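Novice:
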Amino acid sequence: MKPESSPMIPRSNRNLMCALLLGLAGTLALTAPAAAQAPPDSTLAPSDSLETGAPPDSLFEFPGGDSLDLPLPFPMETAPGDSVAGYSPTRNMVRVPGGDASRLAALRLAVNDDAAPPPEGLYSPGFLMDRTEVTNREFARFLSAADSNARHFDRRMSLVEVEPGRFQAAAERADFPVAYVDWFGAFAYAAWAGKSLPTEEEWMLAGLGGRPAPDSGYVYPWGDDAVDTLKANVLRRGGFPDSRTVASYARGASPEGIYDLSGNVAEWTLTEEAQPLPGGTEQRLIVVKGGSFLDPPENVTLTARALRHPRERLGSVGFRCIIRLQPEP
26 MKPESSPMIP RSNRNLMCAL LLGLAGTLAL TAPAAAQAPP DSTLAPSDSL
76 ETGAPPDSLF EFPGGDSLDL PLPFPMETAP GDSVAGYSPT RNMVRVPGGD
126 ASRLAALRLA VNDDAAPPPE GLYSPGFLMD RTEVTNREFA RFLSAADSNA
176 RHFDRRMSLV EVEPGRFQAA AERADFPVAY VDWFGAFAYA AWAGKSLPTE
226 EEWMLAGLGG RPAPDSGYVY PWGDDAVDTL KANVLRRGGF PDSRTVASYA
276 RGASPEGIYD LSGNVAEWTL TEEAQPLPGG TEQRLIVVKG GSFLDPPENV
326 TLTARALRHP RERLGSVGFR CIIRLQPEP
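Residue numbers (this note's numbering): 26 to 354.
(1) Per DSSP, which one or two residues make a beta bridge with P301?
(2) Please state if the CB of T294 and the CB of P202 are separated by a distance shorter than 7 Å.
(3) Grouping DSSP H, G and I as helix and E and B as strand, with all else coil, what is M229?
(4) For A257, count the other beta carbons within 10 Å of its own beta carbon; 16 or more makes it buried, fewer makes it exposed. Which is it?
(5) Please state whether DSSP places D250 in a helix, a strand or coil.
(6) Can you tell me whether DSSP reads Y274 as helix, strand or coil?
(7) Are the Cβ atoms of T326 and V244 separated by less than 7 Å?
(8) If you measure between the beta carbons of L319 and P266, is that distance less than 7 Å?
(9) For D155, tell me which candidate among R120, P189, A213, R180 has the shortest Cα-Cα distance.
(10) Hey, R166 and S183: beta-carbon distance below 7 Å or not?
(11) For E337, which three-state DSSP category applies?
(12) Quick one: any contact between the region 297-307 and the region 270-279, if contact means 3 or more CB pairs under 8 Å?
(13) Quick one: Cα of E298 to Cα of A170, how far?
(14) In the DSSP output, which residue or residues are listed as bridge partners for G190?
(15) Can you look up L55 in the DSSP assignment and give me helix, strand or coil?
(16) Check for me: the beta strand (DSSP E) holding R377 runs from which residue to which?
(17) Near L260, what residues of its chain come up, given a Cβ to Cβ distance below 7 Å and the 5 sequence neighbours on each side ignored?
(18) Of the residues G343, A291, I348, P352, which one's Cα is nearest the Cα of A211?
(19) Less than 8 Å between the CB atoms is what I'm expecting for E281 and G234, so what's the real figure, rounded?
(20) Do E337 and K314 have their CB atoms nearer than 7 Å?
(21) Would V312 and E227 be called neighbours here (beta carbons separated by less than 7 Å)?
(22) Of the residues R133, P122, S127, which one's Cα is nearest the Cα of P150?
(23) Please state whether DSSP places G89 in a helix, a strand or coil.
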């Protein structure tokens with residue numbers, strides 16, 4: 026069977042409709058616990074403050090007028106025998122530095138020459154991002170947590186419904202990135218986990234770390250060195266294209282230690298873009314970042330992007346989550 030095409034678009038002249046970096050997270054805000062309660066790899070400072078949960082409907086309009094019935098807050102329900110004791114939403118997350126309006130403007134221009142500058146005074150205080158893409162094992166827990174989550178299951182996933190409403194990842198692919206999940210499934214998972222999907226700009230900030238915004242289309246999370254077999258899972262001549270276990274490419278990690286931002290599976294974001302249709306109408310598509318195992322090396326840069334319908338479920342598209350830090354008073 027021929028794998029589905031998932032080309033990335035290195036640069037775009039379309040009008041970019043980016044969701045704002047601030048204000049998209051839910052109204053549930055909390056002060057971070059003492060450092061001893063945060064996992065060692067989270068880099069969360071005791072004074073940091075987090076915003077968790079899904080954007081409220083009043084601030085975020087779903088593409089196509091769709092809506093979600095989200096089981097909030099985490100955890101609403103758990104499968105029989107499962108335990109959530111010790112759950113921390115910041116587990117396996119790392120802190121990413123933010124940026125002011127000039128840095129955010131540079132990111133917008135890197136992907137769109139015609140992009141409008143961000144509002145004056147806009148500032149991202151930074152955020153926590155998952156080290157890895159969400160795995161089949163993690164998505165199985167989400168599907169099993171509430172009956173309403175089961176609608177996000179796709180039989181092409183590497184998951185098995187072992188009994189009604191209870192899902193389990195295939196053992197040999199438990200730590201592979203989940204795929205065949207549409208934007209609504211990714212959004213629902215993030216909300217259930219007390220997190221959010223990143224905007225395109227936040228995703229790029231994660232890839233850059235503290236480095237300047239890219240002035241060319243050939244900048245990767247690890248720097249300017251060319252893609253090789255130790256840095257990213259991309260389309261290669263003579264190989265069978267498939268995803269790999271998350272964090273398999275340590276040399277391709279970002280400055281903060283985030284894996285697989287380039288290649289493996291492409292990733293849903295919160296950023297949408299309007300695409301004109303015949304008759305003067307338009308459709309709203311979602312920006313997908315990072316490229317996948319179906320993309321050549323030149324299409325997995327930090328500025329590369331694709332546009333997907335939010336209902337598409339592809340074997341080459343997954344996601345990861347963030348938690349936004351609140352600005353200091």
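The beta carbon of each residue, even a glycine, is placed where N, CA and C say it ideally should be.
Given the structure is predicted, the values throughout are model-derived calculations rather than measurements.
Specialist: In brief:
(1) According to DSSP, P301 bridges with E307.
(2) Using a Cβ distance threshold of 7 Å, P202 and T294 do not count as a contacting pair.
(3) Helix, per DSSP.
(4) Result: buried.
(5) When secondary structure is reduced to three states using DSSP, D250 falls in the coil class, being assigned neither helix nor strand.
(6) When secondary structure is reduced to three states using DSSP, Y274 falls in the coil class, being assigned neither helix nor strand.
(7) Result yes, Cβ atoms of T326 and V244 sit closer than 7 Å.
(8) Taking 7 Å as the Cβ cut-off, L319 and P266 qualify as a contacting pair.
(9) Taking only the C-alpha atoms, the option nearest D155 is R120.
(10) For R166 and S183, no; Cβs fall outside 7 Å.
(11) Reduced to three states, the DSSP call for E337 is coil.
(12) No, they do not touch.
(13) Computed Cα separation, rounded: 32 Å.
(14) None; G190 has no bridge partner.
(15) Note that L55 scores a pLDDT of 25, beneath 50, so its modelled location is shaky; the value from the coordinates is reported in the next line. Of the three classes helix, strand and coil, the one that applies to L55 here is strand, per DSSP.
(16) Since the displayed the chain opens at 26 and closes at 354, residue 377 lies outside it and no answer follows.
(17) Within the same chain, L260 has close Cβ partners P266, F318, L319, D320, P321.
(18) Of all alpha-carbon atoms in G343, A291, I348, P352, the one lying nearest the alpha-carbon of A211 is that of G343.
(19) About 5 Å separates the beta carbons of E281 and G234, which is inside the 8 Å limit, making them a contact pair.
(20) No, the Cβ-Cβ distance between E337 and K314 is not below 7 Å.
(21) Contact check for V312 against E227 fails: the beta carbons are separated by 7 Å or more.
(22) Measuring from the Cα of P150, the nearest candidate turns out to be P122.
(23) Reliability fails at G89, whose pLDDT of 46 lies under 50, so the model's placement of it is uncertain and the value that follows must be treated cautiously. In this structure, G89 counts as helix in the three-state DSSP scheme.
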